[in-house]
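*Asks:* There's a structure below that I have some questions on.
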């Protein structure tokens with residue numbers, strides 16, 4: 043490998059160029075999966091890839107364009123303007139990185155071309171396109187969600203980089219310990235780019251040993267990622283996360299704070315803690331104190347926008363609130379009961395008075411009663427006939443929920 047190519051980051055040099063080299067996302071590119079079949083039969087059309095960084099979104103888009111032997115134009119949503127679109131023509135794939143950053147006027151520039159098939163759009167984004175992009179674009183695309191790469195996928199990618207003499211580090215006398223591979227995979231959080239960059243830094247900054255070899259140990263891996271492992275392995279990670287969740291449910295504020303900080307100090311992304319906190323604020327506090335979910339959601343936003351260490355203050359604030367709040371699992375219980383009926387109940391007939399266009403035959407249900415004509419509430423049937431007596435939500439006697447009187451049982455007419 044010449045000096046010019048050596049300046050290119052390892053992650054970029056090792057970027058797969060064929061489906062055979064592509065690692066992970068079996069649920070998308072596995073044999074006989076939708077994307078696999080669409081490419082095989084030339085019916086891919088426009089699509090959006092979304093998921094965490096370093097999971098192969100841009101790489102797969104490049105592979106698709108090369109495989110279909112199409113014209114391939116790459117743009118960035120931050121810098122692209124209307125003039126860029128003049129180069130587009132028939133049989134062109136437009137790859138747009140960070141497509142969630144495109145505003146409506148930018149989207150409108152290519153909307154007609156996407157619609158008539160003049161171009162095929164492949165957008166890649168770390169944001170959920172259903173909430174971050176214009177609906178006109180999303181509705182014209184197939185959406186594929188990318189998952190974080192597994193530990194095995196990351197380790198496989200790293201070992202391939204060390205063995206590749208052309209694009210990787212195969213010409214260097216590197217010995218990497220298995221626990222170092224494991225730590226690179228664990229600390230990268232399923233991000234292959236991050237893992238490869240860390241491996242490259244470890245190799246390039248570690249001097250030769252007495253045996254004229256570069257030894258990459260777990261300690262070297264920790265330093266390269268700038269996250270100390272604190273003796274935590276994958277099993278301990280999930281044990282600590284489980285203990286954090288159970289401490290929230292058990293109202294042990296001190297334990298919850300400890301496990302949260304232990305995980306973060308071990309290199310855990312604080313957003314993992316924040317997301318679990320939001321879930322448990324509804325699962326374990328729920329209607330007993332709905333402010334818990336509002337505070338947890340605000341803390342997650344703060345962590346995302348502020349990062350550490352400032353964002354950890356509102357995170358701890360919310361952890362304390364969720365722990366000290368009254369507990370109720372009525373929300374998740376109601377959800378599970380409703381899910382079961384939604385999946386297995388055979389009666390999908392909406393009562394006639396609730397239909398968008400009711401028939402002249404009221405079918406025994408009478409006419410729809412507009413609640414505001416009755417002071418805001420009037421008792422009438424909403425569930426299908428076979429489920430009309432179902433009760434999914436049962437208030438607990440905890441916190442604010444104990445004062446809740448369900449209108450469904452008031453008997454007001």
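Residue numbers (the numbering used here): 43 to 455.
By construction, the Cβ of each residue, glycine as well, lies at the ideal position given by its N, Cα and C atoms.
Bear in mind the structure is a predicted one, so any value in this text is a computation, not a measurement.
Can you find the residues in the same chain that come closer than 6 Å, C-beta to C-beta, to residue 423, ignoring five residues on each side of it along the sequence?
*Replies:* To locate residue 423, count along the chain shown from 1; it is residue 381. For residue 423, where only same-chain residues beyond five positions count, the Cβ hits under 6 Å are 393 and 430.
*Asks:* Using a threshold of 7 Å, state whether the C-beta atoms of residue 350 and residue 441 are closer than that.
*Replies:* Here the question's residue 350 lines up with position 308 in the chain shown. Here the question's residue 441 lines up with position 399 in the chain shown. Their beta carbons are not under 7 Å apart, which means residue 350 does not touch residue 441 by this criterion.
*Asks:* To the nearest angstrom, how far is the alpha carbon of residue 326 from that of residue 181?
*Replies:* Locating residue 326 in the chain shown gives position 284, counting from the first residue. Locating residue 181 in the chain shown gives position 139, counting from the first residue. Straight-line Cα distance between these residues: approximately 36 Å.
*Asks:* Taking residue 343 as part of the alpha helix (DSSP H), name the residues at either end of that continuous run.
*Replies:* For this step, residue 343 is matched to residue 301 along the chain shown. Per DSSP, residue 343 belongs to the alpha helix (DSSP H) from 333-348.
*Asks:* In chain order, what residues of the same chain lie with their CB nearer than 8 Å to the CB of residue 105, ignoring the 5 residues before and after it?
*Replies:* Residue numbering aside, residue 105 sits at position 63 when the chain shown is read from its first letter. So the list reads 58, 59, 60, 61 and 64, once near-sequence residues are dropped.
*Asks:* Report the residue ranges of all beta strand (DSSP E) runs contained in full by the stretch 181-269; include only those spanning at least 3 residues, in chain order.
*Replies:* Counting only runs of 3 or more, we get 184-187, 216-218 and 256-258.
*Asks:* Under 8 Å Cβ to Cβ from residue 319, same chain only, skipping five residues before and after it: list those, please.
*Replies:* Position 277 of the chain shown holds residue 319. Hits under 8 Å: 290, 338, 341, 342, 357, 360, 361 and 364.
*Asks:* Are residue 220 and residue 52 close, meaning C-beta to C-beta below 7 Å?
*Replies:* By 1-based counting over the chain shown, the position of residue 220 is 178. By 1-based counting over the chain shown, the position of residue 52 is 10. No, the Cβ-Cβ distance between residue 220 and residue 52 is not below 7 Å.
*Asks:* Tell me where the beta strand (DSSP E) around residue 92 begins and ends.
*Replies:* Against the chain shown, residue 92 aligns to sequence position 50. Segment 89-92, the beta strand (DSSP E) holding residue 92.
*Asks:* Who are residue 166's beta bridge partners in DSSP?
*Replies:* Sequence index remark: in the chain shown, residue 166 carries index 124 (1-based). For residue 166, which the question treats as bridged, DSSP gives the partners 91 and 139.
*Asks:* Would you mind working out which of 99, 223, 347 and 155 sits nearest residue 140, comparing C-alpha positions?
*Replies:* Within the chain shown, numbered from 1, the residue matching residue 140 stands at position 98. Among 99, 223, 347 and 155, the Cα nearest to that of residue 140 is on 99.
*Asks:* Taking DSSP as the reference, what is the three-state secondary structure of residue 173?
*Replies:* For this step, residue 173 is matched to residue 131 along the chain shown. Looking at residue 173 - three-state DSSP - the assignment turns out to be helix.
*Asks:* Would you report the Cα separation of residue 130 and residue 249, rounded to the nearest angstrom?
*Replies:* Within the chain shown, residue 130 is the residue found at index 88, counting from 1. Within the chain shown, residue 249 is the residue found at index 207, counting from 1. In this predicted model, residue 130 has a pLDDT of only 47, less than 50, meaning its place in the structure is not dependable enough to derive any value.
*Asks:* Apart from the five residues just before and just after residue 90, which ones in its own chain have a Cβ nearer than 6 Å to its Cβ?
*Replies:* Working through the chain shown from its first residue, we reach residue 90 at position 48. Same-chain partners within the cutoff: 165, 171, 183 and 185.
*Asks:* In the DSSP assignment, find the alpha helix (DSSP H) that holds residue 64 and state where it starts and stops.
*Replies:* For this step, residue 64 is matched to residue 22 along the chain shown. It is not in any alpha helix (DSSP H) - residue 64 carries neither H nor E in the DSSP assignment.
*Asks:* Considering only DSSP beta bridges, list what residue 161 is partnered with.
*Replies:* By one-based count along the chain shown, residue 161 stands at place 119. Beta-bridge pairing links residue 161 to 134.
*Asks:* Output yes or no for whether 7 Å exceeds the beta carbon distance between residue 226 and residue 97.
*Replies:* The sequence position of residue 226 within the chain shown is 184, counting from 1. The sequence position of residue 97 within the chain shown is 55, counting from 1. No.
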